[in-house]
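Single-structure report; data block below.
In the working numbering, the protein residues as written are 65 to 315.
See below:
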């Protein structure tokens with residue numbers, strides 16, 4: 065495509081395909097519209113103002129820009145397939161990012177968002193929401209260095225896993241309907257909280273490896289558990305097991 069393309073007037077579906085931009089051409093998914101990609105690559109600057117649905121394995125190698133009312137949805141296919149969206153460059157979420165695992169309670173298909181370039185960062189802006197959801201028993205994956213200024217809702221078990229990532233939270237993390245695992249490895253891997261983490265009843269936030277810095281804010285748990293596994297925890301705020309169970313293993 066040597067000319068820019070918009071779904072405002074023409075619906076676009078990509079299946080086992082590649083969308084290449086030539087020169088300064090861009091691809092825009094307009095407000096109120098749906099762009100579906102299945103086993104495909106978008107090698108173009110993508111402006112998402114509507115709903116982007118990614119199924120099976122997909123790649124966005126151009127820049128990704130998200131609008132306030134936009135949704136990026138990585139959707140596992142029921143009992144048939146995991147789904148993964150690989151994004152090459154850093155991007156900011158101004159709308160919603162949804163990782164939807166299997167909708168079948170007896171299935172484990174998962175959804176993965178993967179930032180593939182070393183040092184690439186996912187910034188969840190103050191108006192942004194990232195949600196891990198659905199009802200299967202699989203573990204959705206967020207393989208990105210996360211700067212959370214907005215809200216992370218864990219409604220289905222989620223694994224945040226990226227080598228040498230420095231995650232920060234100055235927004236809200238709600239571990240209320242699924243467990244959150246932060247798997248840390250490599251040099252200087254860390255997770256720093258300066259605002260709010262809520263761990264719901266019978267739910268667990270596990271930090272595995274690296275460093276956990278509780279620099280400010282609160283960890284509020286209604287019968288939930290904070291588990292540090294092979295982790296150094298630096299607490300600048302007081303901590304009591306009166307409201308949050310604490311488990312330390314090789315930490």
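All residues carry an ideal CB built from backbone N, CA and C; glycine is no exception.
Item	Value
Any contact between the segment 65–82 and the segment 95–110? By contact I mean 3 or more CB pairs, one from each, below 8 Å.	yes
Return the CA-CA distance between residue 177 and residue 296, expressed in angstroms with no decimal places.	27 Å
Between residue 235 and residue 70, what straight-line distance do the alpha-carbon atoms span, to the nearest angstrom?	33 Å
Three or more C-beta pairs under 8 Å: does that hold for the segment 225–232 against the segment 189–200?	no
With 16 as the cutoff for other CB atoms within 10 Å, does residue 305 come out buried or exposed?	exposed
Name the DSSP bridge partner or partners of residue 18?	It is not possible to answer for residue 18, since the shown part of the chain is limited to 65 through 315.
Within 10 angstroms of the Cβ of residue 206, are there 16 or more other Cβ atoms? Answer buried if so, exposed if not.	buried
Just list the beta strand (DSSP E) runs in the segment 119–189, keeping only unbroken ones of 3 residues or longer that don't cross its boundaries, in chain order.	121–124, 128–130, 135–139, 147–151, 155–157, 160–164, 175–179, 185–188
Within its chain, find whatever has a CB closer than 7 Å to the CB of residue 189; leave out the 5 residues flanking it on each side and keep chain order.	156, 157, 158, 213, 214
Buried or exposed for residue 130, going by 16 or more other Cβ atoms inside 10 Å?	buried
Residue range of the beta strand (DSSP E) that residue 314 falls in?	Taken as a continuous stretch (DSSP letters only), residue 314 belongs to no beta strand (DSSP E), as it is neither H nor E.
Return the residue from the list 314, 136, 154 that minimises the CA-CA distance to residue 293.	314
My output table needs one value for residue 255: the three-state DSSP class, helix, strand or coil.	strand
Where residue 121 and residue 82 are concerned, what is the direct C-alpha to C-alpha distance, given to the nearest angstrom?	12 Å
Using only the alpha-carbon positions, how far apart do residue 107 and residue 299 sit?	44 Å
Would you mind working out which of 258, 279, 239, 280 sits nearest residue 291, comparing C-alpha positions?	239
Check whether the Cβ atoms of residue 124 and residue 152 sit closer than 8 Å, and answer yes or no.	yes
Buried or exposed, going by whether 16 or more other CB atoms sit within 10 Å of the CB of residue 104?	buried
Following the continuous beta strand (DSSP E) through residue 299, name the residue where it begins and the one where it ends.	296–299
Would residue 183 be called buried (16 or more neighbouring beta carbons within 10 Å of its own) or exposed?	exposed
Helix, strand or coil for residue 85? Go by DSSP, reduced to three states.	coil
Which class does residue 304 belong to by DSSP, given the choice of helix, strand or coil?	coil
Taking all protein chains shown into account, decide if residue 284 is buried (16 or more other Cβ within 10 angstroms of its Cβ) or exposed.	exposed
My understanding is that residue 111 touches residue 144, with C-beta atoms under 8 Å, so please give their C-beta distance in whole angstroms.	Contact doesn't hold; Cβ gap of about 31 Å is too wide.
Within this structure, are the beta carbons of residue 218 and residue 174 separated by less than 8 Å?	no
Taking residue 111 as part of the beta strand (DSSP E), name the residues at either end of that continuous run.	110–112
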